[in-house]
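Numbered per our numbering, the sequence shown spans residues 424 to 894.
Written out below as structure tokens is the structure these notes cover.
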Amino acid sequence: MTAKSAKDKDNAANALWGGRFAAGPDAIMEKINASIDVDRRLYKQDIAASRAHCRMLVATSIITAADGDAILKGLDTIEAEIDAGTFAFSAQLEDIHMNVEARLKDLIGEAAGRLHTARSRNDQVATDFRLWVRDAFDTLDNGIKDLQHSLLDRADEHAETIMPGFTHLQTAQPVTFGHHLLAYAEMFDRDRGRMQDARRRLNEAPLGAGALAGTSFPIDRQQTAADLGFDRPAGNSLDAVSDRDFAIEFLSACALTSVHLSRLAEEIVIWMSAPFRFVALSDAFSTGSSMMPQKRNPDAAELVRGKTGRIIGDLNALLITLKGLPLTYFKDMQEDKEPVFDAYDALALSVAAMSGMIQDLTVNAPAMRAAAAQGFSTATDLADWLVREADVPFRDAHDIAGRAVRLAEENDYADLAALSLDELKSVDSRLTAGVQDVLSVESSVASRTSYGGTAPTRVREQIVAFRQRVS
Ligand code: ARG
Numbered sequence: 424m425t426a427k428s429a430k431d432k433d434n435a436a437n438a439l440w441g442g443r444f445a446a447g448p449d450a451i452m453e454k455i456n457a458s459i460d461v462d463r464r465l466y467k468q469d470i471a472a473s474r475a476h477c478r479m480l481v482a483t484s485i486i487t488a489a490d491g492d493a494i495l496k497g498l499d500t501i502e503a504e505i506d507a508g509t510f511a512f513s514a515q516l517e518d519i520h521m522n523v524e525a526r527l528k529d530l531i532g533e534a535a536g537r538l539h540t541a542r543s544r545n546d547q548v549a550t551d552f553r554l555w556v557r558d559a560f561d562t563l564d565n566g567i568k569d570l571q572h573s574l575l576d577r578a579d580e581h582a583e584t585i586m587p588g589f590t591h592l593q594t595a596q597p598v599t600f601g602h603h604l605l606a607y608a609e610m611f612d613r614d615r616g617r618m619q620d621a622r623r624r625l626n627e628a629p630l631g632a633g634a635l636a637g638t639s640f641p642i643d644r645q646q647t648a649a650d651l652g653f654d655r656p657a658g659n660s661l662d663a664v665s666d667r668d669f670a671i672e673f674l675s676a677c678a679l680t681s682v683h684l685s686r687l688a689e690e691i692v693i694w695m696s697a698p699f700r701f702v703a704l705s706d707a708f709s710t711g712s713s714m715m716p717q718k719r720n721p722d723a724a725e726l727v728r729g730k731t732g733r734i735i736g737d738l739n740a741l742l743i744t745l746k747g748l749p750l751t752y753f754k755d756m757q758e759d760k761e762p763v764f765d766a767y768d769a770l771a772l773s774v775a776a777m778s779g780m781i782q783d784l785t786v787n788a789p790a791m792r793a794a795a796a797q798g799f800s801t802a803t804d805l806a807d808w809l810v811r812e813a814d815v816p817f818r819d820a821h822d823i824a825g826r827a828v829r830l831a832e833e834n835d836y837a838d839l840a841a842l843s844l845d846e847l848k849s850v851d852s853r854l855t856a857g858v859q860d861v862l863s864v865e866s867s868v869a870s871r872t873s874y875g876g877t878a879p880t881r882v883r884e885q886i887v888a889f890r891q892r893v894s
């Protein structure tokens, strides 16, 4: 390049970028093209897939055993270097695949060039990424299982602790705190189920699909698939290199898990607020205010709730990246890893933080019980008693209970249990002494013995069943 044309190029770059990028087009191209800062996280998977490919190439006599040995030794060295942090990653070499291959050439010379026989970066990256997402599913599954155990332990401890059950955030009926926590354990069970389902669908090997059409070399895709723990090779080479639905399913399962975590986090925020005071978090999971000495903020819960936004955003990002792409590979797809890594990091941390908070929570049982009695939360019990004991149709019983609530309100009573027998009789003569037994929050909760109901006996049964299931 002449001095003049170099100067023109600089001017062009400056005109385009207003001096913000001192660099010219070559550097800009390198920067937009390189993914090494992101996809270096795939190095273990990349090396594992290369080992499997190499062993297969030897077994099918596509390369010699001597070259195969040299390649495997070189890959061991590279893995050790990356593990130790001594590997020099280069943006010029674009991505993890080229970085590994270039280093292999430094280490073993010409034989390195044989590793890429019957392989393309397209089937290579699809394979590496599937392996990574598979591990991520397994790690998250373990983390969510630990969270379930935390919930089960606290549910067991609080199987009889009474709290208000809400609809519309209005006091509805008394429930137990144990029952409430178990509701989340159920949600997380389904989240794990979704991840396990998606993992099963993901477990097909793209390796051997080549750039898009397969290869003319006599490769053995069954061997590489089995070697890498896949159930089978993917059946269509075009699909194998071009779809990323496994990553979208991963993100979608993460997004929903995160929504569940966010709802629980929101409850912790509410429960910790001064008007509620149902729970407290220790210093380990909360912070003070720099100005207001009385405050304790549920930051960890707020952050779990906050991270849900970015995880849902990650799902949207990948859906939108893929939506306009014809078959097969486009460089757009290099943008697939960042949202997946980001969602994984955010979710794994959120799951751990939630598990920590659940273990850490101090429960204020008297505050919960007092709130449970407010709002005449046993009105349904009064109506049910009339149906059961006086054969009153439920609609009429509902009306009578409503009148009892009005009377208690007029008298400024805290709850229905404060109504005297005479007062009850003045509402309806069929209300006799026995009804007073069902108006306390304790008897209300104890009576909800239908399967899955809030009665402590039922909650305990569910905990036992859960513990067997969540192994
Ligand atoms: N770094 C690339 C990616 O993540 C690897 C595949 C490159 N393939 C290609 N045909 N340029 O998508």
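No residue lacks a Cβ here, since even glycine has one placed at the ideal position from N, Cα and C.
Just so we're clear, the structure is a prediction, and the values are computed from it rather than from any experiment.
Taking the alpha helix (DSSP H) that residue i falls in, what are its first and last residues?
{"i": "I494", "result": "A488 to A507"}
{"i": "P448", "result": "P448 to N456"}
{"i": "Y767", "result": "K760 to D783"}
{"i": "R537", "result": "From DSSP, R537 is part of no alpha helix (DSSP H); its letter is neither H nor E."}
{"i": "T731", "result": "D722 to L745"}
{"i": "M714", "result": "Element bounds for M714: n/a, residue is neither H nor E."}
{"i": "L862", "result": "From DSSP, L862 is part of no alpha helix (DSSP H); its letter is neither H nor E."}
{"i": "L575", "result": "R544 to E580"}
{"i": "M521", "result": "I519 to I531"}
{"i": "P749", "result": "Here P749 belongs to no alpha helix (DSSP H), and DSSP marks it neither H nor E."}
{"i": "F673", "result": "D668 to M695"}
{"i": "A511", "result": "First-last for A511: undefined, no H or E at that position."}
{"i": "F889", "result": "P879 to R892"}
{"i": "D460", "result": "I459 to D462"}
Kindly indicate the opening and closing residues of the beta strand (DSSP E) around residue i.
{"i": "A472", "result": "Not the beta strand (DSSP E): A472 falls in the alpha helix (DSSP H), residues Y466 to A482."}
{"i": "M586", "result": "I585 to T590"}
{"i": "A595", "result": "Q593 to T599"}
The ligand ARG and residue i: does any heavy atom of the ligand fall closer than 6 Å to the residue's C-beta?
{"i": "D518", "result": "yes"}
{"i": "R463", "result": "no"}
{"i": "V548", "result": "yes"}
{"i": "Y607", "result": "no"}
{"i": "A513", "result": "Position check: residue 513 holds Ser in this sequence, whereas Ala was assumed. For the ligand ARG, not one heavy atom lies less than 6 Å from the Cβ of S513."}
{"i": "Q757", "result": "yes"}
{"i": "N545", "result": "yes"}
{"i": "Y752", "result": "yes"}
{"i": "S458", "result": "yes"}
I want to see whether chain D comes within less than 7 Å of residue i, judged by CB atoms only; does it?
{"i": "R557", "result": "The displayed structure is made up of one protein chain only, and chain D is not part of it."}
Among all the DSSP beta bridges, which residues are the ones paired with residue i?
{"i": "V786", "result": "V702"}
{"i": "P656", "result": "A628"}
### Task
Could you say if the region 646-659 and the region 613-632 meet the contact criterion of at least three C-beta pairs nearer than 8 Å?
yes
### Task
Could you say if the region 666-675 and the region 732-747 meet the contact criterion of at least three C-beta pairs nearer than 8 Å?
yes
### Task
Please determine if the region 484-500 and the region 454-461 are in contact, where contact requires at least 3 C-beta pairs separated by less than 8 Å.
no
### In chain order, each alpha helix (DSSP H) run of at least 4 residues that lies wholly inside the region 778-859
788-796, 802-813, 817-833 and 844-850
### Query
Any chance the region 681-689 sits against the region 716-729, with 3 or more Cβ pairs inside 8 Å?
yes
### Message
Count Cβ pairs between the region 547-566 and the region 460-476 that sit closer than 8 Å; are there 3 or more?
### Response
yes
### Task
Spell out a yes or no on whether the region 608-625 and the region 509-529 are touching, meaning 3 or more CB-CB pairs, one atom from each, closer than 8 Å.
no
### Message
Quick test of the definition: if touching needs 3 or more C-beta pairs under 8 Å, does the region 689-703 touch the region 777-788?
### Response
yes
### Message
Would you call the region 578-595 in contact with the region 789-797, where contact means no fewer than 3 C-beta pairs closer than 8 Å?
### Response
yes
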